[in-house]
Each structure stands twice: as C-alpha cells, then as structure tokens.
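First up is the structure itself, then whatever we jot down about it.
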Amino acid sequence: MTTAAPAPAVSAALAARPIGMFDSGIGGLTVARAVARRLPHEQIVYFGDTAHLPYGDKSTAAIQAYSVKICDLLLRQNCKLIVIACNSASAAAYELVREYVGSKAQVLSVIDPIVAHLGQAYAGRRVGLIGTKQTVNSNVYKKKVDDLNAGVDLHSLATPLLVPMIEEGFFKNAISDDIIAAYLSQPDLANIDALVLACTHYPLIKEQIARFYAGGVDVLDASDVVAADTEAYLAAHGLLAPASETPPAHHFYVSDFTRSFEESTRIFFEQEVHLEHYPLWD
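So the sequence shown is numbered by numbering that gives the first Met the number 0: it starts at 0 and just counts up by one.
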C-alpha cells in the first residue's frame with residue numbers, strides 16, 4: 000500500500016494569503032460562493048470586470064489585455080492563487096496569464112477540472128455543452144476532451160443571450176424559460192446524457208435547465224467541481240489557510256459600479272457584500 004506524498008512545507012504567512020478570482024462580471028461569484036463554502040478559512044479577493052462584460056463577445060486580444068490588468072491588482076493584493084472564474088477568459092487567456100504571473104502566484108482555470116470530471120464520469124457517452132461564443136468558438140473544451148481519449152462525444156452550442164439576461168436579474172420567469180427552452184431544443188443538444196454549464200453565470204439558471212430536462216439529463220454545475228479542484232490543489236501544495244475563530248473578510252471589486260450590480264451580487268453570492276469600485280484604466 001502506498002501513501003500520498005506529504006504536502007511541501009510553506010510558511011504560515013504564504014498559506015494565509017488570499018485566493019484571487021476574476022470574471023467578466025459577477026457570474027464568477029458562483030465559483031467564489033462554492034469555494035467559500037468548501038474552504039471557510041480562505042479569504043477571497045474577487046474582481047468583476049463589469050465595465051467590459053460580457054467577455055463572450057470580445058476578441059481574444061481584448062480578453063487577454065483585461066485579464067493581465069486584473070492580475071496586476073490581484074498580485075498587489077498578495078494572492079497566493081488566482082482562479083480564472085470565467086470560461087471565456089480561461090479559454091482566451093489562461094496560458095498568457097500563467098506566463099505573466101510566473102512564480103508570483105499559482106493560476107487555475109475553470110475548464111480543466113470539468114474536463115477531468117467528464118473523462119471520469121462520462122466516458123463513451125454523449126455530452127452537451129452551452130457557453131458564450133468565445134468559449135464555444137475557441138473549441139478548447141472539445142480539444143481537451145478529445146485529448147483524454149475517453150470516448151466522450153461532446154457537442155457544444157453558443158448561447159449568447161443567457162449572460163446579459165442573468166446579469167440583469169432577468170430569470171426565473173416565463174420569458175427566460177422560453178429563451179432557455181429555445182436553446183436547449185436545438186439539434187446540437189439532442190440525445191445527450193449530460194449538459195455542461197460552461198459559463199459561471201449559468202448555475203443561477205440550473206433549476207430552470209433541470210426542469211426542462213425533467214431528470215433525463217445530468218446538469219453539470221462546474222462551480223462545485225472547481226471548488227473541489229481548488230481545495231485539492233491548495234492541499235497538495237501545503238497552501239491551505241490555517242483555521243481561525245473569526246471568518247475571513249472577503250473583498251469584492253468591480254470595474255464599473257451600479258446599485259443594480261450590488262443587488263445582483265447578493266443573489267450570486269447569497270450574502271451581503273460590499274462592492275468597491277476599481278476602474279481598470281484611469
């Protein structure tokens with residue numbers, strides 16, 4: 000019987016540093032919420048680039064420029080780990096961000112954990128995926144899934160109306176049900192065993208999607224998978240924050256502030272939060 004190698008020794012000060020996360024808007028708060036639940040001693044510094052949302056319609060070069068600028072802020076906050084809590088940014092900028100950050104912090108994407116999960120749980124099966132134009136057109140999920148050689152038959156569909164609909168709080172009603180049904184009824188998603196929600200906004204409409212399928216399709220929320228992957232990574236590298244009697248104070252930044260976003264943030268994170276306005280270019 001073999002035992003797992005012990006985590007490397009790191010300083011307590013390094014382990015106590017925060018986890019940085021960013022997204023094009025506030026959708027990535029679904030990942031932040033999952034991480035906060037799973038790792039209650041970890042402090043989170045979150046940046047929502049609300050001035051430039053949605054990333055799904057932006058060019059690769061633009062997303063890369065935004066991502067690097069955001070990482071500057073997260074590095075100044077001494078983050079030990081940066082989670083790109085956005086599928087579009089993970090597809091367009093992950094490699095560049097890793098190179099830019101270098102040894103200053105570790106970088107994780109939201110794509111690799113769900114790809115690994117598909118290989119383990121859906122080998123030889125037909126799986127659907129919905130996401131932004133940027134994520135779907137990058138073909139990154141298809142390439143990574145095919146590299147697993149697990150026989151996962153992946154079919155992707157761009158659903159560009161969903162992010163602005165969710166950002167505006169326009170869901171859980173009959174009109175949004177109709178929009179969701181129109182997308183999920185497309186031939187690309189016929190006869191699937193599971194559907195990947197390849198956008199961190201989509202967990203907020205997971206119940207509506209599940210209701211459409213009436214239990215016939217597994218609806219995969221990547222936020223919980225990413226949270227588990229984050230915990231495993233920190234544990235393997237000896238970076239888990241030490242336990243504390245008082246909960247950590249999370250910090251939330253947005254590049255463009257409106258009161259409606261503050262209200263939406265409470266919906267995404269499921270608790271009261273204070274958004275700090277931090278323009279990327281001033």
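Don't be surprised by glycine CBs; every beta carbon is placed ideally from N, CA and C. Remember, predicted model here, so these are calculated numbers, not experimental data.
- Excluding the 5 residues flanking it on each side, Gly215 has no same chain C-beta neighbour closer than 8 Å.
- Between Thr134 and Ser10, the alpha-carbon positions lie close to 37 Å from each other.
- Assignment of Arg124 by DSSP, reduced to helix, strand and coil, places it in the coil class.
- For Val82, the closest alpha carbon among the candidates Glu275, Leu13, Val218, Val30 is that of Val30.
- Minimum Cα-Cα distance from Gln119 among the listed residues Ser137, Arg37, Phe251, Val224 corresponds to Val224.
- In terms of Cβ geometry, Ile191 and Thr158 do not form a close pair [threshold 9 Å].
- As for any alpha helix (DSSP H) of minimum length 4 sitting wholly inside the segment 136-198, the runs are 139-146, 161-166, 173-183, ordered along the chain.
- Its Cα nearest to that of Phe268, the residue Leu203 stands out among Gly237, Pro247, Leu203, Tyr232.
- Closest in alpha carbon position to Val34, among Ser254, Tyr121, Ala240, Tyr277, is Ala240.
- Ranked by Cα distance from Tyr232, the first of Ala122, Leu188, Leu107, Gln185 is Leu107.
- Taken in chain order, the whole alpha helix (DSSP H) runs of length 4 or more contained in the segment 77-122 are 86-100, 110-120.
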